[in-house]
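**Q** Protein chains in written order, with my numbering: chain F, 1 to 133; chain S, 1001 to 1133. Don't be surprised by glycine CBs; every beta carbon is placed ideally from N, CA and C. What you are looking at is a predicted structure, and each value in this text was computed from that prediction instead of being measured.
1. How about residue 1124 (chain S) and residue 1090 (chain S): do their beta carbons lie closer than 7 Å?
2. Apply the 10 Å Cβ neighbour rule to residue 1076 (chain S) and answer buried if 16 or more other Cβ atoms are within range, or exposed otherwise.
3. Taking the straight line between their C-alpha atoms, what separation do you get for residue 7 (chain F) and residue 1118 (chain S)?
4. Going straight from the alpha carbon of residue 128 (chain F) to that of residue 50 (chain F), what length do you get?
5. Name the one or two DSSP bridge partners that residue 86 (chain F) has.
6. Which residues in chain F have a C-beta closer than 7 Å to the C-beta of residue 1026 (chain S)? List them in chain order.
7. Below 9 Å on C-beta distance, what does residue 1066 (chain S) contact in chain F?
8. If the cut-off is 9 Å on Cβ atoms, which residues from the stretch 44 to 58 of chain F count as contacting chain S, listed in chain order?
9. Using a 10 Å radius around the Cβ and a threshold of 16 neighbouring Cβ atoms, would you call residue 106 (chain F) buried or exposed?
10. Could you tell me whether the Cβ atoms of residue 35 (chain F) and residue 1031 (chain S) are closer together than 7 Å?
11. So which of F:55, F:29, F:62 and F:101 has the shortest CA-CA distance to residue 116 (chain F)?
12. For residue 1061 (chain S), which three-state DSSP category applies?
13. The beta strand (DSSP E) spanning residue 1098 (chain S) covers which residue range?
14. I'd like to know if residue 1118 (chain S) contacts chain F, where contact means its C-beta is closer than 7 Å to some C-beta of that chain.
15. What's the C-alpha gap between residue 1074 (chain S) and residue 1023 (chain S)?
16. Within 6 Å: the Cβ of residue 90 (chain F) and any heavy atom of the ligand GTP?
17. For residue 30 (chain F), name the three-state secondary structure that DSSP assigns.
18. So, is residue 1029 (chain S) buried or exposed, given that buried needs 16 or more other C-beta atoms within 10 angstroms?
19. Please report the distance separating the alpha-carbon of residue 1082 (chain S) from that of residue 88 (chain F).
20. Measuring straight from C-alpha to C-alpha, what distance separates residue 1080 (chain S) and residue 1112 (chain S)?
21. Under 7 Å, Cβ to Cβ, is there at least one residue of chain S near residue 31 (chain F)?
22. Whole angstroms are fine: how far does the CA of residue 1043 (chain S) sit from the CA of residue 1108 (chain S)?
23. Measuring only the C-alpha atoms, how far is residue 1014 (chain S) from residue 1094 (chain S)?
24. If you drop the 5 nearest sequence neighbours on each side, which residues of the same chain put their C-beta closer than 7 Å to that of residue 97 (chain F)?
25. Can you name the residues of chain F whose CB is closer than 9 Å to the CB of residue 1006 (chain S)?
See below:
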């Protein structure tokens, strides 16, 4: 049993609060943190940020399922995910994915696959808040 | 011109000192931090850690070249690399690669390619320090 199981959450808290959701490890040679950051432009227009809303009970269930399934593929991995909801200003992160694996190739692949599944399967909606008008 | 150019270094300082070598950005939607961590076993035996040594002037030149070449492929990226030398205990990181790009696929590819080139091209040697004997 892992003393530090995988983790997922969805709330209006900044992703930085969850950087330490996984402890450092002597069994994992690769540790990746991916931040998905709100950019300052959308379709060429300057924006203030993005307002994220979710069907929350379903979104957290989907996040948990994605993390659990990736975990079950290889129980030696650790995965932590936090998706922020509410208004996220340009330059701030709306998503954190942290992955720890024995070797690096698996860490990159797992983190990227986790991101792909979140984008495809989690019911979170984005409303762009423009700077002018 | 980027207000925050890419960065590379080689020293006995912990990688955590260099996490902020790149500032947060409103132009980069993807921000990846890769930590290469010393594991507690080597060939099935418990270890205390790894002692890294380098032909330093050449190693830093190679790190700089790798970062510069990846940067030149796309000037909109940012890349920061720190490789630690000296003794690194099991559970601590010997390598940090941070990459910021507009979109996520490029961030994963760039970070992974940077790691591949560091392993292949930078003259750093590892001496395993075993726990027993």
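**A** So, from the listed chains and residues:
1. no
2. exposed
3. Rounded to the nearest angstrom, the two C-alpha atoms are 31 Å apart.
4. 5 Å
5. F:52
6. 39, 40, 90 and 91
7. Per Cβ cutoff of 9 Å: no residues; residue 1066 (chain S) is ~16 Å from chain F at best.
8. none
9. A buried status is given to residue 106 (chain F), since no fewer than 16 other beta-carbon atoms sit within 10 Å of its beta-carbon.
10. yes
11. Nearest option by C-alpha distance: F:62.
12. Helix, per DSSP.
13. 1093 to 1101 is the extent of the beta strand (DSSP E) around residue 1098 (chain S).
14. no
15. 18 Å
16. Looking at this structure, you won't find the ligand GTP or any other ligand, since it has none at all.
17. Residue state, collapsed to three classes: strand.
18. buried
19. 30 Å
20. 13 Å
21. yes
22. 29 Å
23. 8 Å
24. 34, 81, 111, 114 and 115
25. Those within 9 Å of residue 1006 (chain S) in chain F number zero; the least Cβ separation is about 18 Å.
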